[in-house]
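Residue numbers (our numbering): 131 to 209.
Beta carbons are placed, not taken as given, at the ideal position from N, Cα and C, and that holds for glycine.
On a predicted model such as this, the values are computed, not experimentally measured, just so you know.
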């Protein structure tokens, strides 16, 4: 779930690039395709929550981790 006032993306610019970069970095470091996709989805979602590309502070990284746990908890059923 996006953490924005209305649950809609604030600015999706860069979300696809952020996803791609995170996915490739995860795969290159040995993550499975599923693990990489989960983290990459979280990175893309967090980018959508911001007016501009976020600074990668510990707070933003914690938000990415939280989003990845939320996405990962959905499993194959999407629920």
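Spatial neighbours of residue i in its chain, beta-carbon cut-off 7 angstroms, leaving aside the 5 residues before and after
i, result
"residue 166", "153, 156 and 157"
Cα-Cα separation between residue i and residue j, rounded to whole angstroms
i, j, result
"residue 178", "residue 140", "6 angstroms"
"residue 195", "residue 185", "15 angstroms"
"residue 151", "residue 159", "12 angstroms"
"residue 161", "residue 149", "15 angstroms"
"residue 190", "residue 163", "23 angstroms"
Nonlocal neighbours in the same chain, by C-beta distance under 8 angstroms from residue i, ignoring five residues either side
i, result
"residue 198", "168, 169, 171 and 172"
DSSP-derived helix/strand/coil call for residue i
i, result
"residue 155", "helix"
"residue 217", "Residue 217 lies beyond the stretch modelled for the chain, which goes from 131 to 209, so this question has no answer here."
"residue 182", "coil"
"residue 140", "coil"
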